[in-house]
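**Q**
Number of protein chains: 2
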Amino acid sequence: MTRLQSRSGGGRRRASHSMESVLTEAVALLDEAGAPALTFRALAQRLGGGVASIYWYVASKEELLDRATDHVVGAVLADIEDLPGSDDPIDDLRAMAVTLFDAIVHRPWLGAYFMRNTDVQGNSLRLYERLGQQTLRLDLTAHQRFHAVSAIVGVVVGTAVDMGQEPPEEVLDGAVSREEYLGRFAQTWRELDPAEFPFVHEIVDEFDGHDDVDQFRSALELTLTGLRLQAGA
Amino acid sequence: MTRLQSRSGGGRRRASHSMESVLTEAVALLDEAGAPALTFRALAQRLGGGVASIYWYVASKEELLDRATDHVVGAVLADIEDLPGSDDPIDDLRAMAVTLFDAIVHRPWLGAYFMRNTDVQGNSLRLYERLGQQTLRLDLTAHQRFHAVSAIVGVVVGTAVDMGQEPPEEVLDGAVSREEYLGRFAQTWRELDPAEFPFVHEIVDEFDGHDDVDQFRSALELTLTGLRLQAGA
DNA sequence: CGATACGATAGAACAGCGTTCGGTACAACG
DNA sequence: CGTTGTACCGAACGCTGTTCTATCGTATCG
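So the protein sequences, as listed, match chains A and B.
All residue numbers in the first sequence are consecutive under our numbering, ending with 233.
All residue numbers in the second sequence are consecutive under our numbering, ending with 466.
1. Since residue 220 (chain A) contacts residue 97 (chain A) with CB under 8 Å, what's their CB separation in whole angstroms?
2. With residue 376 (chain B) and residue 179 (chain A) assumed to form a contact (beta carbons below 8 Å), what rounded beta-carbon distance in angstroms separates them?
3. With a cut-off of 8 Å on the beta carbons, I'd call residue 100 (chain A) and residue 68 (chain A) a contact; round off their distance for me.
4. If you draw a straight line from the alpha carbon of residue 13 (chain A) to that of residue 65 (chain A), how long is it in whole angstroms?
5. Taking just the CA atoms, how far does residue 191 (chain A) sit from residue 241 (chain B)?
6. Would residue 111 (chain A) and residue 157 (chain A) be called neighbours here (beta carbons separated by less than 8 Å)?
7. Would residue 221 (chain A) count as contacting chain B if we go by Cβ distances under 8 Å?
8. Report the neighbours of residue 383 (chain B) on chain A: residues whose CB is nearer than 8 Å to its CB, in chain order.
9. Can you pull the chain A neighbours of residue 322 (chain B), defined as C-beta to C-beta under 9 Å?
10. Can you tell me whether residue 153 (chain A) is helix, strand or coil according to DSSP?
11. Which value, in whole angstroms, describes the spacing of the CA atoms of residue 182 (chain A) and residue 209 (chain A)?
12. Compile a chain-ordered list of the residues in the segment 417-436 of chain B whose CB is closer than 9 Å to at least one CB of chain A.
13. Distance check for residue 163 (chain A) and residue 128 (chain A), CA to CA, integer angstroms please.
14. Let's test the definition: count the other Cβ atoms within 10 Å of the Cβ of residue 311 (chain B) and tell me whether it reaches 16, buried, or not, exposed.
15. Would you give the residue range spanned by the alpha helix (DSSP H) that residue 181 (chain A) belongs to?
16. Hey, residue 287 (chain B) and residue 260 (chain B) are a contact pair by Cβ (cut 8 Å); roughly how many whole angstroms apart?
17. Taking contact to mean 3 or more Cβ pairs, one atom from each stretch, closer than 8 Å, check whether the segment 425-436 of chain B and the segment 128-137 of chain A are in contact.
18. For residue 47 (chain A), does the count of other Cβ atoms within 10 angstroms reach 16, so buried, or fall short, so exposed?
19. Do residue 303 (chain B) and residue 355 (chain B) have their beta-carbon atoms positioned less than 8 Å apart in this structure?
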């Protein structure tokens, strides 16, 4: 535990920036303009210091990203631990997954980094544990429990990555609304040959103006239904 | 300003490199050393030409990535179209998903780029269509079909992204085997407090030496089971 | 009380990246 | 012959993460 001492070590004297403020500002940059906006120079400017100073707190950009991710996953974990809880472990799993998904929707950059937290410790593991504890309440083998949690995380991350892709510049500029952008896709699809693309024609109206959260919830529900069946309930 | 004619223009005269060879070499670089290895300079050297020449074929690195991705997705699509097919659409969906997943396992970089193909045309759409056609054989609403295909793709991509993260340097060097690396994780987990991490202790033996493909197949099976139930079969 | 060690901070430079600019060679065409 | 347009490339620009070296201020110590 050489690296995580900053939790309790809040009382720094000169406190020019401190680990906390580095992480907070890094997350702020990520939130405001996505992953490409987080550069050491931009971060240093925000902190009112020099570029090299950041290297006193983190050894590399990878570590910065890992710590920033862990920082916000900690908040998500707190939300998940505050969830009321019910007598149905699958309902609880759903609530947890939705909480996690919501967090990624509000912070699209999270999706890409959430799972690659190679650090053994950290909040990702705790979150994993929390999900897993619900499977302990189900009648499953250890093998099945392991796979169940992987599946749920997979659905969350997979859907979030799919949705988290940066929209083209024109949408970010506000020159084109998101609905209009999706509508253009839909229009192109409608012009495809119906004989060659029967499915695309079948669902194009569903795609046009669809809701991301609905899409996620449906995918999650399929997994949870399969899980409920597996647990023999 | 002549960027998109190259599809049919296979018969180039002097053919120093041609679009085909640019894409082939780009994919080769990605395969050999992952996404960071694909740089314009490395690619130019491989093609025996200058850096700026590549810009005659693609307008940006993003387009290069998109085209390279589409290139290999085309091969995956061909594999999927060659699948025998059965009288059970869900069996066919499983076979397609496994084929796609296998392709991503062999090319980990694919996972990250597969879904962000913003180009309207292309092989991703065709693959999406192929998956969707199986749902047309099921008793579902258009809404449910749309969500079903999203869910399957989500499971594939989610699991693949989870597994596709670059292992640390020591594993790539061959200094540490993959089993040993995973084993170290498992060991750290075993040392956690069992009261605080009951689930991690429950599954640590499953995790140690687990098979990625098994993990994926289990996740997929949950989704497919849910889907089968939804279709009322 | 100086001397010294150390925590914390930076400026400047470096190599590598995607991208752009200006220009060259060459085949085809009227 | 000159014009046009395709295919190509060396050199530069601005940006990135990272490292090197130097410098403060403060606490500790002989």
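Cβ atoms here follow ideal geometry from the backbone N, Cα and C, with glycine treated the same way.
**A** In short, the structure shows the following:
1. 6 Å
2. That pair is no contact at about 18 Å.
3. Contact between residue 100 (chain A) and residue 68 (chain A) is ruled out by a C-beta separation of about 17 Å, above the 8 Å threshold.
4. Unreliable positioning characterises residue 13 (chain A) in this predicted model, as indicated by a pLDDT of 31, which lies under 50. The coordinate reading is nonetheless provided below. Rounded to whole angstroms, residue 13 (chain A) to residue 65 (chain A) spans 26 Å at the Cα level.
5. Only weak support is given to the placement of residue 241 (chain B): the predicted model assigns it a pLDDT of 30, under 50, and the value that follows is read from those uncertain coordinates. Using only the alpha carbons, I get a separation of about 21 Å.
6. yes
7. yes
8. 159, 162, 215, 218 and 219
9. The premise fails here: residue 322 (chain B) is roughly 12 Å from chain A at the closest Cβ pair, so nothing lies under 9 Å.
10. helix
11. Distance from the CA atom of residue 182 (chain A) to the CA atom of residue 209 (chain A), rounded to whole angstroms, is 7 Å.
12. 417, 418, 421, 422, 425, 429, 430, 431, 432, 433, 435 and 436
13. Those two C-alpha atoms are separated by around 22 Å.
14. exposed
15. 178-190
16. With 8 Å as the limit, residue 287 (chain B) and residue 260 (chain B) do not qualify as a contact, their Cβ atoms being about 14 Å apart.
17. yes
18. buried
19. yes
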